[in-house]
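Student: I am attaching a structure below and will ask some questions about it afterwards.
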Amino acid sequence: AQSVTQLGSHVSVSEGALVLLRCNYSSSVPPYLFWYVQYPNQGLQLLLKYTTGATLVKGINGFEAEFKKSETSFHLTKPSAHMSDAAEYFCAVRTPNSGGSNYKLTFGKGTLLTVNP
Amino acid sequence: ETGVTQSPTHLIKTRGQQVTLRCSSQSGHNTVSWYQQALGQGPQFIFQYYREEENGRGNFPPRFSGLQFPNYSSELNVNALELDDSALYLCASSFSLASYNEQFFGPGTRLTVL
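Structure below.
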């Protein structure tokens with residue numbers, strides 16, 4: 001079964017510091033992996049995704065993630081945190097629908113990122 | 001281009017009541033998925049509709065039902081509300097069933113069951 005584990009429910013960094021949010025997955029099919037960001041009282045916005053090809057994926061707002069099959073990981077990084085990065089971040093993996101011919105997203109529990117001035 | 005919209009934004013109901021939540025997909029999108037996000041949790045898949053037919057369902061009881069209309073707008077209906085149904089309900093539309101396609105999320109409907 002597909003699952004996602006996000007290590008650390010809360011990560012706190014200083015403005016300008018490296019951001020590292022961890023995500024490990026399990027998947028019985030070739031994984032498609034996604035990172036979403038959720039600002040307070042808003043829906044989810046896609047940051048980046050890995051489907052096939054290059055394992056280092058660049059997304060919006062300076063974020064990037066590297067797919068490491070051997071480690072079953074897809075950690076999200078940003079070299080220099082900005083105050084506006086404070087939000088909740090969700091890692092997700094595509095998962096076959098039971099009884100259907102398509103896929104759903106299985107999400108981790110999320111990591112709340114706070115950025116200190 | 002109009003994004004995904006949901007209504008209402010907030011809703012308060014009592015146990016046993018029924019509720020209908022609405023979603024308007026992004027223009028050109030024929031696939032919609034609904035998710036439940038409990039407080040402090042990640043979204044959990046409820047079901048998906050493609051061209052007005054249910055195309056997959058998560059681990060939710062039958063009192064959660066849905067509809068998709070010819071214009072690809074969608075409804076989520078929940079009967080016999082329970083306290084644990086209190087959550088943020090998100091809908092997401094995508095261009096097609098292809099799993100590599102981005103799902104565009106709406107802002108959600110916050111449901112409180114008292």
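From first to last, the protein sequence lines are chains A and B. Our numbering numbers the first residue of the first sequence as 1 and each following residue consecutively. Our numbering numbers the first residue of the second sequence as 1 and each following residue consecutively. Cβ coordinates follow ideal geometry from the N, Cα and C atoms, glycine included. If you're wondering where the values come from, they're calculated on a predicted model, not measured in any experiment.
1) Rounded to the nearest angstrom, how far is the Cβ of PRO8(B) from that of GLY43(A), given a contact under 8 Å?
2) If THR72(A) sits next to GLU64(A), beta carbons under 8 Å apart, how far is it from one beta carbon to the other, in whole angstroms?
3) Who pairs with LYS78(A) in a beta bridge, going by DSSP?
4) At 7 Å on the CB atoms, spell out the chain A contacts of SER33(B), in chain order.
5) What residues of chain A sit near LEU90(B), judged by a beta carbon separation below 8 Å?
6) So, does the CB of GLY110(A) fall closer than 8 Å to a CB anywhere in chain B?
7) Would you kindly report the start and end of the unbroken beta strand (DSSP E) that includes VAL93(A)?
8) Buried or exposed for VAL29(A), please, with buried defined as at least 16 other CB atoms from any protein chain shown within 10 angstroms of its CB.
9) Buried or exposed for SER26(A), going by 16 or more other Cβ atoms inside 10 Å?
10) Between which two residues does the beta strand (DSSP E) holding GLU66(A) run?
11) Tell me, which residues are paired with GLY66(B) by DSSP?
12) Compare the C-beta of GLY42(B) with all C-beta atoms of chain A and state if any pair is closer than 8 Å.
13) Chain B partners of ASN24(A), CB-CB under 8 Å?
14) Across the stretch 12-21 of chain B and the stretch 47-54 of chain B, are there enough close Cβ pairs to call them in contact, namely three or more that are closer than 8 Å?
15) Kindly indicate which residue of SER3(A), VAL4(A), VAL13(A) and GLU66(A) has the alpha-carbon position closest to the one of ALA87(A).
16) Terminal residues of the continuous beta strand (DSSP E) containing ARG110(B)?
17) Can you list, in chain order, the residues of its chain whose CB lies under 7 Å from that of SER96(B), leaving out five sequence neighbours each side?
18) Quick check on DSSP: helix, strand or coil for ASN24(A)?
19) Using 8 Å as the limit for Cβ to Cβ distance, is GLN68(B) near chain A?
20) Which residues in chain A have a C-beta closer than 9 Å to the C-beta of HIS64(B)? List them in chain order.
21) Ignore the nearest five residues each way along the sequence and tell me which others in THR5(A)'s own chain have a CB closer than 8 Å to its CB.
22) Put SER25(B) into one of helix, strand or coil per three-state DSSP.
Tutor: On the basis of the coordinates in this document:
1) That pair is no contact at about 15 Å.
2) THR72(A) to GLU64(A), Cβ: 18 Å. No contact.
3) Partner residues in the beta bridge of LYS78(A), as assigned by DSSP, are VAL19(A).
4) Neighbours of SER33(B) on chain A, chain order: LYS104.
5) Within chain A, the residues GLY43 and LEU44 have their CB atoms less than 8 Å from the CB of LEU90(B), given in chain order.
6) GLY110(A) belongs to the set of residues whose beta carbon lies under 8 Å from a beta carbon in chain B.
7) It spans 87-96 - the beta strand (DSSP E) in which VAL93(A) sits, taken as one unbroken run.
8) VAL29(A) counts as exposed, since fewer than 16 other C-beta atoms from the protein chains shown sit within 10 angstroms of its C-beta.
9) Classification for SER26(A): exposed.
10) From DSSP, the beta strand (DSSP E) with GLU66(A) extends over 64-68.
11) Residue pairing of GLY66(B) in beta bridges, as defined by DSSP: LEU76(B).
12) Contact with chain A is found for GLY42(B), since one of that chain's Cβ atoms lies less than 8 Å from the residue's Cβ.
13) Per Cβ cutoff of 8 Å: no residues; ASN24(A) is ~14 Å from chain B at best.
14) By the criterion of at least three beta-carbon pairs nearer than 8 Å, the stretch 12-21 of chain B is not in contact with the stretch 47-54 of chain B.
15) Per the Cα distances, VAL13(A).
16) According to the DSSP assignment, ARG110(B) belongs to the beta strand (DSSP E) that extends over 109-113.
17) Short of 7 Å from the beta carbon of SER96(B), and not among the five residues preceding or following it, lie these beta carbons of its own chain, in chain order: ASN30 and THR31.
18) Of the three classes helix, strand and coil, the one that applies to ASN24(A) here is strand, per DSSP.
19) Not closer than 8 Å to any Cβ of chain A, the Cβ of GLN68(B) fails to qualify, so no.
20) Reading the sequence as shown, one finds Phe at residue 64(B) and not His. Among the residues of chain A, none has a CB under 9 Å from the CB of PHE64(B); the nearest is roughly 14 Å distant.
21) Only CYS23, ASN24, TYR25 and GLY108 meet the Cβ criterion.
22) Coil.
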